[in-house]
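Novice: Before I ask anything, let me first share the structure, which is written out below as structure tokens.
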DNA sequence: ACACTACCAGACAGGTCTGTCTATGGTTAG
DNA sequence: CTAACCATAGACAGACCTGTCTGGTAGTGT
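Written out as structure tokens, the structure is:
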């Protein structure tokens, strides 16, 4: 990836996540990235393309991080939710990038929503696989439940309900 | 309340909820409400005032609805979550108005975020009170957990994860 | 030497947004 | 009657947004 494109994506990721997608304009991104406007439109057909790239990259990043977490069976799920809880209470946390993007793009047929759906399907399947590995017969409904917990934890973290985050993590760990 | 103000609030509530706050402009609201621009600015100092009024009214509406649900002890909580689940799968559901607003207003010191905080504090306290009434000693952490569940259910409903909604409701009911 | 690609700076058009303003018409209370 | 109030229509300013375009620089491979 070219340096300019890298800087654009990094800047956009930081600003989109921290301040929202619609509220951050192209001018702001290219200024902070130190890139010319023509260069931006050379790399991205439109702003939506940048949004897509941002979410796609974030999706890949999270997959790598979560799938790298070691452990076996339900312990691994516990470690994942422990990490989720820690991240949700950490500095600079402003919720789940995918949930936030879905809120900003109300039209469910928009390409952005496709990535959000992909991410959620991956997480659900990942949990289902881990549960099956752990010998759970009722893996599917439990995986759904863990998806709901993940969402709730992310939201509570965004709104600084730290005790709720801890409570959610503890319950998720106790359930599995 | 004057008719014009009533129409403005109704139209704004409908559009803000369905399409998002930042994406819906004043011009659109006054056009669909059939109200002159000067009339709008006679009733609301700025767009933010309309947003505040929208969320404040929605807060009051939800309080009335939830507090009117009958039953005693944990059965009442079950009825509330049953209703939450049903609403989250219903037509036109696009998530929790407060969570969506919090996502759109990233600055936690913005007045909008104050209403969101108030709503969440009310829900948490309401659950805590019902749990205490039911004789639960560990009411506070369970109330926190129910807040997380509420968030997760709303998110899953917004993203059409209907089975996740049902799973979340079932777990919440089983837990309490 | 040449073509190609990546990059920069910044003007520009066309649209949208918020909020203000003028000018006018009803209705109601004193 | 008149003054206060609520409402209408719509022009307008100023800011911001996206996306296009011109023109110029630097490096790279053939």
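Protein chains in written order, with our numbering: chain A, 437 to 612; chain B, 437 to 612. Every residue gets a Cβ at the ideal spot worked out from N, C-alpha and C, and that includes glycine. In this text the structure is predicted, and so the values were computed from the model without any measurement.
At 7 angstroms on the CB atoms, spell out the chain B contacts of residue 581/A, in chain order.
Specialist: In chain order: 603, 604 and 607.
Novice: In angstroms with no decimal places, state the Cα-to-Cα distance between residue 561/A and residue 485/A.
Specialist: The alpha-carbon atoms of residue 561/A and residue 485/A are separated by roughly 27 angstroms.
Novice: Using only CA atoms, which one of 563/B, 540/B, 610/B and 598/B lies nearest to residue 595/A?
Specialist: The candidate whose alpha carbon is nearest that of residue 595/A is 540/B.
Novice: So residue 587/B is in the alpha helix (DSSP H); what residue range does that whole segment cover?
Specialist: Where residue 587/B is concerned, the enclosing alpha helix (DSSP H) stretches over 575-594.
Novice: Would you say residue 605/A and residue 521/A are within 9 angstroms of each other, going by their C-beta atoms?
Specialist: It is a contact, given that the beta carbons lie within the stated cut-off.
Novice: Output the distance between the C-alpha atoms of residue 519/A and residue 589/A, rounded to the nearest integer angstrom.
Specialist: So the alpha carbons of these two residues sit roughly 11 angstroms apart.
Novice: Near residue 448/A, what residues of its chain come up, given a Cβ to Cβ distance below 7 angstroms and the 5 sequence neighbours on each side ignored?
Specialist: Only 465, 486 and 490 meet the Cβ criterion.
Novice: Does the beta carbon of residue 540/A come closer than 9 angstroms to any beta carbon on chain B?
Specialist: Yes, because at least one Cβ of chain B sits closer than 9 angstroms to the Cβ of residue 540/A.
Novice: Do the segment 505-514 of chain B and the segment 553-571 of chain B touch if we need at least three Cβ pairs shorter than 8 angstroms?
Specialist: At 8 angstroms Cβ cutoff, the stretches touch.
Novice: Check whether the Cβ atoms of residue 582/A and residue 517/A sit closer than 9 angstroms, and answer yes or no.
Specialist: In contact: residue 582/A and residue 517/A (Cβ atoms closer than 9 angstroms).
Novice: Per DSSP, what kind of secondary structure is residue 546/B in: helix, strand or coil?
Specialist: In the structure shown, residue 546/B sits in coil (DSSP, three-state: anything other than H, G, I, E or B).
Novice: Going by DSSP, what residue range makes up the alpha helix (DSSP H) through residue 438/B?
Specialist: Unbroken run through residue 438/B: none, as it is neither H nor E.
Novice: Confirm, please, whether the CB-CB distance from residue 446/A to residue 495/A is below 9 angstroms.
Specialist: No, Cβ-Cβ distance for residue 495/A and residue 446/A is not below 9 angstroms.
Novice: Comparing the C-beta of residue 518/B with each C-beta of chain A, is any distance below 9 angstroms?
Specialist: Not one chain A Cβ lies under 9 angstroms of residue 518/B.
Novice: Hey, is residue 449/A's beta-carbon within less than 9 angstroms of any beta-carbon in chain B?
Specialist: Output row for residue 449/A: interface = no.
Novice: So the alpha helix (DSSP H) residue 478/A belongs to, where does it begin and stop?
Specialist: Here the alpha helix (DSSP H) through residue 478/A covers 473-479.
Novice: Could you name the residues of the same chain whose beta carbon sits closer than 6 angstroms to that of residue 513/B, not counting the 5 residues immediately before and after it, in chain order?
Specialist: Contacts found: 566 and 612.
Novice: So which residues of chain A does residue 585/B contact, with C-beta pairs closer than 9 angstroms?
Specialist: The contacting residues are 584, 585, 588, 604 and 607.
Novice: Could you check if residue 573/A is buried or exposed, using at least 16 other CB atoms within 10 Å of its CB as the buried criterion?
Specialist: Residue 573/A comes out exposed.
Novice: Can you check which of these residues, 526/A, 579/A and 545/A, is closest to residue 556/A by C-alpha distance?
Specialist: The residue with the shortest Cα to Cα distance from residue 556/A is 579/A.
Novice: How about residue 468/A and residue 451/A: do their beta carbons lie closer than 9 angstroms?
Specialist: The answer is yes: Cβ separation under 9 angstroms.
Novice: For the alpha helix (DSSP H) containing residue 611/A, name the first residue and the last one.
Specialist: Run containing residue 611/A: 598-611, per the alpha helix (DSSP H) assignment.
Novice: Could you list which residues in chain A have their beta carbon closer than 9 angstroms to that of residue 458/B, in chain order?
Specialist: The contacting residues are 456, 458, 459 and 540.
Novice: Using a C-beta cutoff of 9 angstroms, does residue 597/A count as contacting chain B?
Specialist: For residue 597/A, the answer is yes, since a Cβ of chain B falls inside 9 angstroms of its Cβ.
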